[in-house]
Each structure stands twice: as structure tokens, then as C-alpha cells.
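Asker: Provided herewith is a single structure, encoded as C-alpha cells, for subsequent inquiry.
Numbering (the working numbering), first residue to last: 409 to 821.
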């Protein structure tokens with residue numbers, strides 16, 4: 409009777425443990441994933457339960473895919489403008505070296521002596537000058553001329569106006585000899601990092617990268633950061649290729665930094681392989697990502713419960729129908745879980761259109777039958793232990809009886 413009671417007690421404990429979800433598994437149960445979502449777009453809504461972190465839960469569908477846009481880490485065009493129109497005018501700056509040439513219409517003027525005769529050109533070149541710290545250059549009989557922050561034609565016009573009453577129909581040409589204030593630097597993962605002068609015709613981002621010898625690593629692993637006047641923006645290199653408006657003009661004083669960032673995703677659960685996997689290509693779809701992770705384990709996986717964890721923009725979720733007011737106001741990126749069904753033949757087409765992003769997590773849930781087998785294995789282990797204990801008790805009792813009989817015989821003798 410006691411052994412029957414013990415078995416009943418142990419079986420009750422095992423069932424209780426199973427109900428508490430203590431059976432071994434490689435990740436959360438898919439039922440908990442969907443039921444604990446803060447808000448969901450699913451075919452069948454689950455019961456709301458408390459969750460440590462608020463998140464949204466969506467079933468992948470053609471409608472959902474139409475709202476999912478791959479965000480860029482930043483935008484040059486939105487941050488600095490300059491994607492359209494002509495090249496920005498190159499202005500003179502402090503430290504630039506310029507040459508001033510003055511022409512007069514005839515000899516006998518201020519700069520051309522009368523005995524010059526038929527001197528070709530009737531011009532004089534003033535000594536080369538460096539624009540001083542105050543931004544000025546000096547021109548005889550014209551005085552100090554502000555040069556910094558002005559274009560060459562503007563400087564020429566001022567000199568001509570100041571010499572108009574002294575020289576004979578003066579014409580002035582100001583030209584760059586050395587440009588120190590109209591350069592920009594490009595550093596990082598390029599083949600020839602340098603500080604380069606900006607061409608008069610203007611240089612765009614891609615022009616500057618080309619002049620620096622091109623990228624060291626493939627474009628799909630490269631990001632470009634532009635620093636300008638205390639502001640900064642970072643753009644995926646291939647976004648500059650795909651969106652011409654991001655290929656803005658470089659301005660004097662800019663610094664371009666090119667760095668390599670290998671994008672990767674993680675895979676867990678009943679996938680063939682678990683761990684981190686590099687993209688190693690420009691775009692990686694969910695179908696390709698599952699393939700990289702070794703596919704789904706035939707003996708464990710539930711093909712209908714494949715999940716993708718990521719941070720999704722609040723706007724995209726709002727557009728798709730998620731009630732984003734239930735999340736914190738300051739949250740622009742909301743923890744989101746997408747579910748796809750590989751039991752459905754069309755699920756593979758959806759997986760081919762769903763692009764993975766850097767730091768995405770793929771989780772493949774175990775099939776319900778696997779959980780049942782785990783439970784039966786634990787149950788069998790427990791009941792075998794009960795049977796072993798009762799057997800050992802019987803053996804001990806029989807041995808004790810035999811020993812007692814033997815002692816009685818000895819005592820009778």
C-alpha cells in the first residue's frame with residue numbers, strides 16, 4: 409500500500425513539474441511568445457499575460473511585408489542637404505595662398521609705367537599672399553581686402569572698385585595657388601586616406617572615396633560617417649549607391665570616416681545550428697538565414713512556429729495596425745516578434761521576401777510531440793526509480809528474514 413502511495417505521490421509531482429514548464433528545452437514556448445505580447449496582429453488572439461518587456465507580435469503576411477522597410481542608420485541628405493543642384497561655390501579661407509594679377513588698359517597707369525611701350529598684356533603680378541588669421545590680403549593702393557568667406561569674383565570686384573580712380577581701367581584676377589582652407593579629410597577603411605583639396609567643379613561623397621583609392625572592404629560591410637561643423641551622420645555605403653540624393657557634395661572642412669561593420673544574426677532553438685552567422689552579402693532573406701543556420705531539425709522543430717526577434721520602428725508598427733500608444737512615448741523602436749509558418753507552402757515565398765537585419769534573432773520552437781516525449785522520458789525515469797526502490801526493499805526484507813532464521817537455528821542449538 410505504501411509503495412502505491414509513493415508512486416502516486418511521485419507521479420503527481422512529475423505532472424506538477426510538467427505543468428510548471430520545467431522540462432528541458434532550448435527556448436521559450438511559442439504559446440508564451442504570442443500570449444505575452446503587449447499588442448498583436450495574429451489570426452487567433454491569445455490571452456494577455458504579464459511580460460518583463462513590452463513587445464509586439466505579428467504573423468508574417470503579404471500585407472505585413474508591405475509595411476516593413478529596412479531603415480538606414482542615418483541620412484546625409486536629411487542631415488546636411490546638398491543632394492541636388494550645382495556644386496557649392498568654393499570660398500577663400502584663412503591659410504589659403506592666392507595670387508593677385510592687375511591689368512591696365514594702357515601704359516602710363518598706376519602699375520604699368522609709360523616706358524613699358526607695347527609690353528604684352530599690360531599686367532603686373534603681385535607677390536603671392538597667404539590669407540591672414542583675420543581673413544585679409546593686402547593690395548597696393550587698395551589697402552586691406554577681406555578675402556576669407558568670399559568667392560574669387562567677389563574679391564576681384566572689390567579690388568577693381570578701389571583701384572578705379574587710380575589705375576587705367578583696372579581689371580583684376582585672383583587665383584588660388586594653394587588651397588589649405590578648402591580641403592576635406594577622408595580616413596578609415598579606404599586604400600589611400602588623405603586630406604584632399606575639393607575640386608572647383610565640386611566633389612561628391614563617392615568622388616572623394618574614389619580619390620582616396622576606394623574601399624578596403626566590400627560595400628555591404630562598409631559605412632560612411634560625415635562630420636561637418638559639429639554635426640555627424642552615418643550612412644550604409646550601399647544606401648549611397650542606391651539613393652543618389654545621399655551622394656551629397658563634400659564641403660570644406662568635412663571629415664569622412666569609412667568603417668567596416670560585419671552584419672550578423674543569431675539562430676537558436678530547433679535549428680540545425682545555433683550561434684551567430686555573418687551576412688557575407690548585401691541582402692539576406694529569412695529563407696537564406698534559416699539555410700545558413702542549417703535549416704530546421706526534422707526530429708525537433710515545429711515548422712509552423714519560426715520567430716524573428718528585432719527592434720522595429722514605431723511608425724511601421726503603427727501603419728500595420730499595432731496600437732503603439734500602449735508602449736512608452738519616448739520609444740521610437742519597439743521590441744517586435746514576427747512569426748512565419750513553414751508548414752504553409754506559401755510561407756517559403758514570404759521568407760524569401762523578408763530581409764533580415766543586423767542583430768536579428770531567429771528562434772525555432774520545438775514541436776509539441778517533442779515536449780511530450782521529454783515528459784514521458786522524465787516520467788519513465790521517475791517510475792523506474794520507484795520500482796527500483798520497492799525491489800530493493802523486498803530484497804532487504806528477504807535477506808533479513810533469512811538472517812533471522814539462521815540466528816534462531818544457532819540459538820536453539
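The beta carbon of each residue, even a glycine, is placed where N, CA and C say it ideally should be.
Could you check where the alpha helix (DSSP H) with residue 648 kicks off and where it finishes?
Answerer: Here the alpha helix (DSSP H) through residue 648 covers 645–650.
Asker: Could you tell me the alpha carbon to alpha carbon distance between residue 745 and residue 680, rounded to whole angstroms?
Answerer: 21 angstroms
Asker: Three-state secondary structure (DSSP) at residue 488?
Answerer: helix
Asker: Following the continuous beta strand (DSSP E) through residue 446, name the residue where it begins and the one where it ends.
Answerer: Residue 446 -> no beta strand (DSSP E), and no H or E assigned at all.
Asker: Does residue 757 come out as helix, strand or coil in the three-state DSSP assignment?
Answerer: In the structure shown, residue 757 adopts helical secondary structure according to DSSP, grouped into three states.
Asker: State yes or no: is the C-beta of residue 662 within less than 8 angstroms of the C-beta of residue 588?
Answerer: Taking 8 angstroms as the Cβ cut-off, residue 662 and residue 588 do not qualify as a contacting pair.
Asker: Residues in its own chain within less than 6 angstroms of residue 603 by CB, not counting five upstream and five downstream?
Answerer: Excluding residues within five positions, the ones whose Cβ falls inside 6 angstroms are 591, 593.
Asker: Quickly, what does DSSP pair residue 667 with across the bridge? List them, please.
Answerer: 631
Asker: In this structure, what does DSSP give as the bridge partners for residue 467?
Answerer: 747
Asker: Could you tell me the distance, in whole angstroms, from the CA atom of residue 577 to the CA atom of residue 549?
Answerer: Each residue's Cα considered, the two are about 15 angstroms apart.
Asker: Taking the C-alpha atoms as reference points, what is the distance between residue 508 and residue 496?
Answerer: 23 angstroms
Asker: Applying the 10 Å Cβ sphere with the 16-neighbour rule, what's the burial state of residue 736?
Answerer: exposed
Asker: By the DSSP assignment, the beta strand (DSSP E) with residue 510 in it spans what residues?
Answerer: 505–511
Asker: If residue 506 sits next to residue 555, beta carbons under 8 angstroms apart, how far is it from one beta carbon to the other, in whole angstroms?
Answerer: 7 angstroms
Asker: From residue 473 to residue 767, what does the alpha carbon distance come to, in whole angstroms?
Answerer: Their Cα atoms are separated by approximately 19 angstroms.
Asker: If I follow the unbroken beta strand (DSSP E) through residue 685, where does it start and stop?
Answerer: From DSSP, the beta strand (DSSP E) with residue 685 extends over 683–686.
Asker: Out of 685, 650, 605, which has the shortest C-alpha to C-alpha gap to residue 770?
Answerer: Comparing Cα-Cα distances from residue 770 to each of 685, 650, 605, the minimum goes to 685.
Asker: Check this for me: beta carbons of residue 879 and residue 532, under 8 angstroms apart or not?
Answerer: Lying outside 409 to 821, the shown extent of the chain, residue 879 is not represented and no answer is given.
Asker: Hey, would you say residue 764 sits closer than 8 angstroms to residue 673, going by beta carbons?
Answerer: yes
Asker: Assuming residue 466 contacts residue 728 under a Cβ cut-off of 8 angstroms, what Cβ separation, rounded to an integer in Å, is found between them?
Answerer: 7 angstroms
Asker: From residue 372 to residue 739, what distance separates their C-alpha atoms?
Answerer: Because the chain here runs from 409 to 821, residue 372 falls outside it and cannot be looked at.
Asker: Please classify residue 477 as buried or exposed, where buried requires at least 16 neighbouring CB atoms within 10 angstroms.
Answerer: Residue 477 comes out exposed.
Asker: What do you get for residue 780, buried or exposed, if any count of 16 or more other CB atoms within 10 angstroms of its CB means buried?
Answerer: By the 10 Å Cβ count, residue 780 comes out exposed.
Asker: Where does the unbroken alpha helix (DSSP H) through residue 710 begin, and where does it stop?
Answerer: Looking at the DSSP string, residue 710 is not in any alpha helix (DSSP H); the run it does join, the beta strand (DSSP E), is 709–721.
Asker: According to DSSP, residue 771 sits in a beta bridge with which residue or residues?
Answerer: 676, 715
Asker: List the endpoints of the continuous beta strand (DSSP E) containing residue 731.
Answerer: Careful: residue 731 lies outside any beta strand (DSSP E) and carries neither H nor E.
Asker: Which runs of the alpha helix (DSSP H), 4 residues or longer, sit entirely within the region 516–596?
Answerer: 560–571
Asker: Taking the C-alpha atoms as reference points, what is the distance between residue 784 and residue 774?
Answerer: Rounded to the nearest angstrom, the two C-alpha atoms are 16 angstroms apart.
Asker: CA-CA distance, residue 670 and residue 677?
Answerer: 23 angstroms
Asker: Going by CA-CA distance only, name the one from 730, 742, 483 that's closest to residue 717.
Answerer: 742
Asker: Checking 8 angstroms against the spacing of the C-beta atoms, do residue 611 and residue 657 come in under that value?
Answerer: yes
Asker: With DSSP as the reference, please indicate the residues paired to residue 598 in a beta bridge.
Answerer: 623
Asker: Which two residues bound the contiguous alpha helix (DSSP H) that contains residue 700?
Answerer: 694–700
Asker: Closest to residue 518 by CA distance: which of 574, 570, 616, 748 is it?
Answerer: 574
Asker: For a test of the three-state rule: what should DSSP assign to residue 741, helix, strand or coil?
Answerer: strand
Asker: Taking Cβ positions, are residue 687 and residue 714 nearer each other than 8 angstroms?
Answerer: no
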